[in-house]
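In this note's numbering, the protein residues as written are 32 to 381.
Glycine residues also receive a C-beta, built at the ideal position from the N, C-alpha and C atoms.
Owing to the predicted nature of the structure, the values given are computational and were not obtained by experimental measurement.
Following: one structure in structure tokens, then a few remarks.
Spelled out as structure tokens, the structure:
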């Protein structure tokens, strides 16, 4: 059996014998060929994966790469900025991780068991016509490139699973409806983005297991919506945002990372899976719990204009909201560490 060992495939793919010792340092673009014989029983003894990750320098991606690396999986960071990625994943702390700009994505993907696609411009920013176009195109372009590279990978070197992010924005907004994976799409801008985003991922060949994770509002330290909300709470004494009646479908950063991680190796994780906690809350409850966790009063409302001043049109994500339930994840028996927002905020703000 011929195995290509490049900066992406290295010596860790499941098809390579444990008795073979290959140096872990390669220059980008270097390709060496080794002929390796190994039995199927040998490859079954290891659960280590080689995973290519887009969006690895983002809020979720950083934590996912840290977890994969800590568990001794091999990681190829697919990035548009090698210098930025090297600052986030310095070699002294992440030995063996490969960082590849777009010219090197092909070799990485062909040397991987799995691909995680998290790339996309954050939506928690001020929107404009230009920004809205970039929000959509940043997701479609990278997803299309990843799918094409997977589909064009030679047999025997093709990843077997693609875990691709999407968002609960797919469902549109409502104060009264309850959404699960079988619910239809909405008719607003974010729903349109998600439909096209998912439609692009669905073009991956049918022999590749596809998990589409519709992610809710991710709560964690030093990033995401919470990083935008905490300063407002400090300024306005921690009151509700807008009417407070809106549903807030959230998930702790650790849980969304664990959900993606599980989807990499568990064949039951396929199709659409909502990446939200099992207990969404009204925004008024979130704000009350956030005020309590911060040790601040929670009585003075944060007016709509204050949130819009920070997020622009992107404030609609928080000000309108939707109630999304993780029916598929619960059916699969996924163990949420933080099913309740009170515990999630306590762990984040302690």
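Closest Cα partner of residue 111 within the set 262, 130, 81, 233: As a first step, residue 111 must be located in the chain shown, where it is residue number 80. When only C-alpha atoms are compared, the closest one is 130.
query: Which class does residue 313 belong to by DSSP, given the choice of helix, strand or coil?
result: Here residue 313 is taken as the residue at index 282 of the chain shown, counted from 1. Of the three classes helix, strand and coil, the one that applies to residue 313 here is strand, per DSSP.
field: Cβ-based neighbour list, residue 218, same chain, cut-off 8 Å, excluding 5 preceding and 5 following
entry: For the purposes of this step, residue 218 is taken as the residue at position 187 of the chain shown. Answer for residue 218: 203, listed in chain order.
C-alpha gap between residue 375 and residue 185, whole angstroms: In the chain shown, residue 375 corresponds to position 344, counting from 1. In the chain shown, residue 185 corresponds to position 154, counting from 1. Distance between the alpha carbons of residue 375 and residue 185 is about 44 Å.
- prompt: Between the C-alpha atoms of residue 275 and residue 87, what's the straight-line distance to the nearest angstrom?
  reply: Within the chain shown, residue 275 is the residue found at index 244, counting from 1. Within the chain shown, residue 87 is the residue found at index 56, counting from 1. One C-alpha to the other measures close to 33 Å.
- prompt: When burial is assigned at 16 or more other CB atoms within 10 Å of the CB, is residue 379 buried or exposed?
  reply: Numbered from its first residue, the chain shown carries residue 379 at position 348. By the neighbour-count rule (16 or more Cβ atoms within 10 Å), residue 379 is buried.
message: I'd like the span of the beta strand (DSSP E) that includes residue 196, first residue to last.
response: Translated into positions along the chain shown, residue 196 becomes position 165. Residue 196 -> beta strand (DSSP E) spans 192 to 198.
message: For residue 222, which residues in the same chain have their Cβ closer than 8 Å to its Cβ, ignoring the five residues on either side in sequence?
response: On the chain shown, position 191 is the one that residue 222 refers to. Same-chain partners within the cutoff: 200, 201, 202, 203, 216.
task: Please confirm whether residue 80 and residue 295 have their CB atoms less than 8 Å apart.
output: Along the chain shown, one-based indexing puts residue 80 at 49. Along the chain shown, one-based indexing puts residue 295 at 264. Cβ distance < 8 Å, so residue 80 and residue 295 count as in contact.
message: At the level of alpha carbons, what is the spacing between residue 372 and residue 249?
response: Position 341 of the chain shown, counted from the first residue, corresponds to residue 372. Position 218 of the chain shown, counted from the first residue, corresponds to residue 249. Cα-Cα distance, rounded: 11 Å.
- prompt: Any idea what DSSP makes of residue 373, helix, strand or coil?
  reply: Counting from 1 along the chain shown, the entry for residue 373 is found at position 342. Here residue 373 sits in helix by DSSP.
message: Once the 5 residues before and after residue 83 are set aside, which same chain residues still bring their CB inside 6 Å of it?
response: Translated into the one-based positions of the chain shown, residue 83 becomes position 52. Around residue 83: 107, 109, 139, 140, 143, 146.
message: Using the three-state DSSP reduction, which class does residue 66 fall into: helix, strand or coil?
response: What you label residue 66 is simply residue 35 of the chain shown in a count that begins at 1. The predicted model places residue 66 with a pLDDT of 27, which falls under 50 and marks its position as unreliable, so this point remains unresolved.
query: How many Å lie between residue 30 and residue 319 at the Cα?
result: Only positions 32 to 381 of the chain appear in the structure, and residue 30 is not among them; the question remains open.
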